[in-house]
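Protein chains in written order, with the numbering used here: chain E, 22 to 425; chain V, 59 to 143.
Notes follow the structure.
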Amino acid sequence: MNRVVITGLGTISPIGLSTESYWNALTAGQSGFGPPTIFAAERLNTKVVAEVKGFVPEHHFDARQLGLLDRVSQFAVVAAREAVGQAGLSFREELGERTAAIVGSGIGGQTTQDDAFKRIYGENAVRVHPLIIPRTMPNAPASQISMHFGIKGPTYAVSTACASATHSIGQAFHLVRAGAVTSAVTGGAEAQLTHGTVKAWEAMRILAPDTCRPFSRERKGMVLGEGAAILVLESLDHAAARGADILGEVVGFGMSADAGDLTAPDPSGMVRAMTAALADAALPYDAVDYVNAHGTGTTANDIAETSALYKTFGTHAARLAISSTKSMVGHALGAAGALEAIAAVMAVREATIPPTMNYLGPDPACDLDYVPNEARRRPLHAALSNSFAFGGLNAVLMFRRFDA
Amino acid sequence: MIDVANGVIELVSGKVRNKRGPLQMSDALEGLGLESLDVLELIFALEERFNIEIPFNANTQFDFKTVGELVHAVEGLVAKKTASA
Chain E
22 MNRVVITGLG TISPIGLSTE SYWNALTAGQ SGFGPPTIFA AERLNTKVVA EVKGFVPEHH
82 FDARQLGLLD RVSQFAVVAA REAVGQAGLS FREELGERTA AIVGSGIGGQ TTQDDAFKRI
142 YGENAVRVHP LIIPRTMPNA PASQISMHFG IKGPTYAVST ACASATHSIG QAFHLVRAGA
202 VTSAVTGGAE AQLTHGTVKA WEAMRILAPD TCRPFSRERK GMVLGEGAAI LVLESLDHAA
262 ARGADILGEV VGFGMSADAG DLTAPDPSGM VRAMTAALAD AALPYDAVDY VNAHGTGTTA
322 NDIAETSALY KTFGTHAARL AISSTKSMVG HALGAAGALE AIAAVMAVRE ATIPPTMNYL
382 GPDPACDLDY VPNEARRRPL HAALSNSFAF GGLNAVLMFR RFDA
Chain V
59 MIDVANGVIE LVSGKVRNKR GPLQMSDALE GLGLESLDVL ELIFALEERF NIEIPFNANT
119 QFDFKTVGEL VHAVEGLVAK KTASA
């Protein structure tokens, strides 16, 4: 069994277009929220979303490439360039065949699909662009990363709604740990902010009219986001042999399903996923000092997650620092788990916990330490990153500070 | 407004999981066994049937305690819509 380390991180987020700017914004408590600008919102009630701002596709791709890339794949490839560049790996030689590209997305190329359907149904278009299908498919980000870097090992997408990226990183971790591949480029991407998709989210009546305040009293729901985050994983032997800068270690991954309600969270499923991640890491529960929570800011999730943290950690729950970075970047669905994994890895590396912003005070049913409104310096040994998806699908990653 | 009341009762009845005879105006909605997705679908069905907008966010408490209160609220929204039309 290989130890699995992280040697590259790449981020496209509503609060920063690189991992460094994302991390600085997270620890400064910056908000990525604002009124919609990238889709027609006149007929929508949604007044606040977390858009990726200042992303100019033409700065990253030529016209021929752009014809093949929905916004979701653009985010994924640009984030992967940063991560692979930081890792200093090239996949053009034999390493390409020993590398996996596993990249999640909840709903794939929504901008392409929404625009095409508007033309077909709304404008009675006679013909549509020939590449709508390969731009829309949820595996487009994984495939584009594979093609862009020459990665020829196991390449696929995982689509498990809000847990897509976490399942992806977990699968990549297990492949590297088992020795099936030497390295992996993994994470998630989402670009869901279209008129049609936001309208469908509105119908679920769980979007906040004001802002996202996870675990807080007076929280009113979630804010939709977008972005991509990519991690380069590598066996410790390979990374050490080439003298790579090691950013952290992946030590555990746990999964479970609720087999119950389609959308309502179930604490027992969350507990089983967190417990499985701890068992996979073969570490005691009190090794964990930070949890990057799923923390959507809905009434139901935050109560269920708090209850699950108590059941998993017992008296240690009160000593955990817990925060939801969705309070700054919103819910990027299939990218969320990767954005949050990077937050957790950086927190451990930098001994700094990003805050839960917009926190007004405790809800009686959410009474743990949510690191309200201000980042906190604290040496960290290990962190969990939680993702609990619609469909009752739970995935939890565990990261540890790397000590040679 | 009889039509509205009957329409609401018909739609609510379709979602009831603990059947105990015909619905009464005094029946508590909480006792009908509606799950969260039932409530969402019920609100949607009411909006479609009466062409109204029901201000409801799943993160806040469901404001209507009984079948009668829901009927009354829908009647109010329908009346408001008719008045403004």
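All residues carry an ideal CB built from backbone N, CA and C; glycine is no exception.
Every value quoted in this text rests on a predicted model; they were computed, and no experiment measured them.
Minimum C-alpha distance to residue i - residue among the options
i	options	result
V:A113	E:V292, E:N407 and E:P230	It is worth fixing the name first, because residue 113 of chain V is Pro in this sequence and not Ala. Checking every option, the nearest Cα to that of V:P113 belongs to E:P230.
E:G37	E:S185, E:A201 and E:A100	E:A100
E:K323	E:V244, E:F236, E:P78 and E:A71	Correcting the residue identity first, residue 323 of chain E is Asp in this sequence and not Lys. Residue E:F236 is the option with its Cα nearest to E:D323.
E:H195	E:N160, E:V271, E:A250 and E:A161	E:V271
E:M367	E:L401, E:M378 and E:G335	E:L401
E:S39	E:V69, E:V26, E:G75 and E:A62	E:G75
E:V147	E:A137, E:I154, E:R156 and E:D424	E:A137
E:M419	E:A410, E:Y380 and E:I363	E:I363
E:M295	E:Y43, E:L89 and E:V417	E:V417
E:P35	E:A71, E:A342 and E:A303	E:A71
V:E111	V:G72, V:A103 and V:T124	V:A103
E:A108	E:G29, E:V244, E:M158 and E:E144	E:G29
E:V26	E:A265, E:T32, E:E114 and E:G171	E:A265
E:K139	E:Y43, E:F60 and E:R263	E:F60
Alpha carbon of residue i to alpha carbon of residue j, nearest angstrom
i	j	result
E:L283	V:L95	8 Å
E:A121	E:A104	14 Å
E:G50	E:V350	10 Å
V:V129	V:R78	19 Å
E:T320	E:G55	22 Å
E:A297	E:T333	10 Å
V:G134	V:N109	13 Å
E:D287	V:E93	14 Å
E:G290	E:N23	28 Å
E:G200	E:R422	22 Å
E:T377	E:P393	5 Å
E:I33	E:R238	30 Å
E:T58	E:G335	45 Å
E:R398	V:A63	59 Å
E:A357	E:G209	7 Å
V:A144	V:V125	Nothing in the structure corresponds to residue 144 of chain V, since chain V is present only between 59 and 143.
E:D83	E:Y43	26 Å
E:S406	V:A137	50 Å
E:S52	E:S348	8 Å
Endpoints, the alpha helix (DSSP H) within which residue i is located
i	result
E:V384	Per the sequence shown, residue 384 of chain E should be read as Asp rather than Val. E:D384 -> no alpha helix (DSSP H), and no H or E assigned at all.
V:I203	Nothing in the structure corresponds to residue 203 of chain V, since chain V is present only between 59 and 143.
E:T333	T320 to F334
E:I190	S185 to A199
E:T296	P288 to A302
E:N1	This structure leaves residue 1 of chain E out entirely; chain E is present only between 22 and 425.
Terminal residues of the beta strand (DSSP E) in which residue i lies
i	result
E:I343	A342 to S344
E:N407	A403 to A410
E:L254	G248 to S256
E:M14	Outside the modelled stretch of chain E, which goes from 22 to 425, sits residue 14 of chain E, for which no answer is possible.
E:M276	G269 to A278
E:I27	V25 to I33
V:A141	Counting along the chain, V:A141 falls outside any beta strand (DSSP E), though it belongs to the alpha helix (DSSP H) covering V125 to S142.
E:N313	V309 to N313
E:T120	T120 to G125
E:S204	S204 to E211
Sequence-distant residues of the same chain with beta carbon closer than 7 Å to residue i, five excluded per side
i	result
E:Y331	A338
E:G375	Here the sequence assigns Pro to residue 375 of chain E, which means Gly is not the residue at that position. Once the five neighbours on either side are set aside, the close Cβ partners of E:P375 are L47, T48, S344, T346, A364, A368 and A396.
E:K68	P56 and P230
E:A353	E211, G246, E247, G248 and L360
E:G281	D287 and G413
E:A285	A321
Cβ-Cβ separation, residue j to residue i (assumed contact under 8 Å), whole Å
i	j	result
E:D1	E:G217	Given a span of 22 to 425 for chain E in the structure shown, any question on residue 1 of chain E remains unanswerable.
E:L252	E:G242	With a Cβ gap of about 29 Å, E:L252 and E:G242 do not count as contacting.
E:T207	E:I128	That belief does not hold up - the Cβ atoms of E:T207 and E:I128 are roughly 19 Å apart, past 8 Å.
E:G275	E:D301	6 Å
E:A205	E:A186	Not a contact, Cβ separation roughly 13 Å.
E:A178	E:G125	6 Å
Contacts around residue i, its chain only, beta-carbon distance under 8 Å, and the 5 residues preceding and following it disregarded
i	result
E:T203	L116, R119, T120, V197, E255, S256 and H259
V:G89	N76
E:E223	L65, N66 and T67
Other residues of its chain near residue i: CB distance less than 6 Å, five sequence neighbours each side excluded
i	result
E:L414	T181, A184 and A278
V:G65	R107
Residue i: CB within 7 Å of a non-hydrogen atom of the ligand ATP
i	result
E:A221	Ligands in the displayed structure: none, and consequently the ligand ATP is not present.
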